[in-house]
Amino acid sequence: MDFLIQVVWEGLVAGVLYALIALGFVLIFKASGVFNFAQGIMVVFAALTLVGSYEKMAAAGFTGFPAAMASIVVSLAVMFALAWLVERLVLRHLVNQPDIILFMATFGLTYFLIGFGEAVFGGDPKIMITQQLGLPTGSTEFRLPGFGPNGKDGLVLIQHIDVAATVIASLMIAALALFFQYTRIGRALRAVADSHKAALSVGITLNQIWVVVWFTAGIVALVTGIMWGARSDVSFGLSNIALKALPVLIVGGFTSVPGAIAGGLIIGIGEKLGELYLAPLLLGSTMGRGVESWVAFIIALAFVMARPQGLFGDKIIERI
Amino acid sequence: MSAEESPISSPILSVKNIEVIYDHVILVLKGVSLVVPKGGIVAILGGNGAGKTTTLKAISNLLQSERGEVTKGQIDFNGERVDKLTPNELVRRGCIQVMEGRHCFGHLTIEENLLTGAFTRRDGRKATAAALEKVYAYFPRLKDRRLSQAGYTSGGEQQMCAIGRALMADPSMILLDEPSMGLAPQIVDQIFEIVRDVNAKEGVSFLLAEQNTNVALRYATYGYILETGRVVMDGDAKSLRDNEDVKEFYLGVGGGDRKSFRDVKSYKRRKRWLA
């Protein structure tokens, strides 16, 4: 029983982190109707910028929390510059083009960022500056009386960084949901998602909106990068977690912030439980490593068939 | 007749001899001129492909995003040259377009749609709330549907929503493209009544493009007839209504002595107006 609780908790944390990545996709999908393939590499790029600029400062003798905060500011500035450049050099020229062309453009952006990132930061994995950022490390063991095997006390291990990640991610998601629903810019973002032309006709400035959206996605990428980086390390391989966002988005709906959360949790917990229960069933071993990687996609497939717009996605409205 | 000769004293909009080319090759407008007086309702009439929509988009600068370009001529709004501005800058100066086919934001509620219309306003929440109430007063139907997603409302409600959304920007001029499209005659009249009402009470000028010549000439004070990218005729609404050619080609009456469709066509060919 304690093992189950442990697994569910880990699934929950993974789910929140998946939700965070998915959120980056949702933002850009909402505003430009395009699946931003580059979101995964943006996570890596943001994290690398953070660690890289901290290393530069540390080399100059400036370390600790203030230096970490300065690195955050630098990273945010870089993400803003990226958003601005993407708008200037790519999106501006693709207004009113078919979605597939925008999609291809994000491929180009992905490979550019990989090459550029390697050139600037090198290809070696880096360690996230978790402690310097003031994030908690270490773990606490909880005793749960009667939850263990044979009526003994159960043990559940909780990493402090996981708790911090959950709290920060939840706050951020809540803030974004409110921003979308109730602010002038948020409304304009959703309007742009529905129709570029109509948005232009009421005087919404697409250029400004896109910079806002890509910058917001950049902030989300930075937070995601910190949280994922703290659990493993910061390397280009991290961009593969973006693939996990796909099933999350299919389950939750491409256009919904709450959907990203729900989808993230379902996929996160589903994966861990799949590993726990499906693996012995299918493979006869207790720890089927392989199961975790495809359970998410099976869940997504089920959703595609039963509810194509996802749990909270916009209903597909069509006049006939 | 060119713009200068028109008997209109203080125009809010004047379009002088504009030429529009799409994709650098397709010549769509070949020297269109027109004027809209302050507080007037002016109609652009003509069949499919005559250039009505292109004219409106040239004015609102929405052409830019469709690879269209005004290559000759000049557009003045309130005495200021506007043909190189962005749509946003034009909306802020008080000229907004309601596009053909409504183009409401389907996933936003009616009220959110209306609020997006206030995007360019800088006069605060109170003014926006007041504008919203005003729009609801003109379109009580929208108030009933305010929390419905626009995509699920009827064509008439969507047209009202699109016009209401434009009103939220506090415009002095609305470019209204094909408001009657796909709507029941009763709804069309309802919408034109509101247009006339807004024009009278708010002093908003209208330039509307219509295929429904009959309705348009009942509500407009002046009309221009476009054919293949040229203004072939213009005049006040009454004189257009009484013109034999307009009656026959656009209103579907008159021409009694020609029985067969072939005769009509050859007559039309011979009478094609040269501008």
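These protein sequence lines map, in sequence, to chains A and B. Using the working numbering, read the first sequence as starting at 49 and increasing by one per residue. Using the working numbering, read the second sequence as starting at 2 and increasing by one per residue. Every residue gets a Cβ at the ideal spot worked out from N, C-alpha and C, and that includes glycine.
When secondary structure is reduced to three states using DSSP, P88 (chain B) falls in the helix class. Under the three-pair Cβ rule at 8 Å, the segment 201-219 of chain B counts as touching the segment 46-53 of chain B.
Taking a contact to require three or more Cβ pairs closer than 8 Å, the segment 116-132 of chain A and the segment 299-311 of chain A do not qualify as touching. With its beta carbon at least 8 Å from every one in chain B, T154 (chain A) lies outside the interface.
For F164 (chain A), the number of other beta carbons within 10 angstroms of its own is below 16, and it is reported as exposed. Contact between M90 (chain A) and A354 (chain A) is ruled out by a C-beta separation of about 31 Å, above the 8 Å threshold. Taking a C-beta cut-off of 9 Å against chain B, none of the residues of the segment 145-179 of chain A qualify. Its chain contains K53, I226, L227 and E228 as the residues whose beta carbon lies nearer than 7 Å to that of G47 (chain B), once the 5 sequence neighbours on both sides are disregarded; these appear in chain order. For L35 (chain B), the closest of B:L208, B:Q160 and B:R93 by C-alpha to C-alpha distance is B:L208.
By the beta-carbon neighbour count (other beta carbons within 10 angstroms, threshold 16), K78 (chain A) is buried.
Interface residue (Cβ-Cβ distance to chain B less than 8 Å): L248 (chain A) is classified as such. The C-beta of L109 (chain B) comes closer than 8 Å to at least one C-beta of chain A.
DSSP places S119 (chain A) in the uninterrupted alpha helix (DSSP H) bounded by G112 to L137.
Its Cα nearest to that of K135 (chain B), the residue B:R166 stands out among B:S149, B:R166 and B:Q150. DSSP assignment within the segment 137-196 of chain A yields the following whole alpha helix (DSSP H) runs of 4 residues or more, N-terminal first: 147-169. Of the residues B:D77, B:R94, B:L109 and B:G230, the one whose Cα lies closest to the Cα of R146 (chain B) is B:L109.
In this structure F106 (chain B) touches A239 (chain A) by the C-beta definition: roughly 5 Å separates them, less than 8 Å. CA-CA distance, E158 (chain B) to L60 (chain A), rounds to 45 Å. Within its own chain, the residues whose Cβ lies closer than 8 Å to the Cβ of K73 (chain B), once the five positions on either side in sequence are excluded, are N18, I19, E20 and G32, listed in chain order.
Contact between the segment 160-177 of chain B and the segment 200-207 of chain B is present: three or more C-beta pairs spanning the two stretches fall below 8 Å. E340 (chain A) sits close to G322 (chain A), with the two beta carbons spaced by under 8 Å. Per the DSSP secondary-structure output, C96 (chain B) pairs in a beta bridge with B:M174. Residue contact check for Q98 (chain B) against chain A: a CB pair falls below 8 Å. In this chain, the alpha helix (DSSP H) harbouring S101 (chain A) covers Q87 to A107. Inclusion of I76 (chain B) and I97 (chain B) in the CB contact set at 8 Å is not warranted, their separation being larger than that value. The distance from the Cβ of V215 (chain A) to that of I233 (chain A) is about 26 Å, inconsistent with a contact at the 8 Å cut-off.
Across the set B:R231, B:V232, B:E203 and B:R242, the C-alpha of B:R242 shows the shortest separation from the C-alpha of T222 (chain B). Listed along the chain, the chain A residues whose CB falls inside 7 Å of the CB of P88 (chain B) are L248, S249 and G251. In this structure, V55 (chain A) lies away from K292 (chain A), with their beta-carbon atoms at least 8 Å apart.
If you ignore the 5 residues before and after G183 (chain B), its C-beta comes within less than 7 Å of the C-beta of G156, all in its own chain and listed in chain order. Taking 8 Å as the cut-off, the beta carbon of V216 (chain B) is found no closer than this to the beta carbon of V233 (chain B). G112 (chain A) and N255 (chain A) have their C-alpha atoms spaced approximately 38 Å apart. The segment 279-289 of chain A makes no contact with the segment 122-134 of chain B: fewer than 3 CB pairs, one atom from each, lie closer than 8 Å. At a C-beta separation below 8 Å, K245 (chain A) has these neighbours in chain B: L63, S66, M100 and H104.
Straight through space, the alpha carbons of G118 (chain B) and P88 (chain B) are spaced by roughly 13 Å. In the structure shown, P356 (chain A) adopts coil according to DSSP, grouped into three states.
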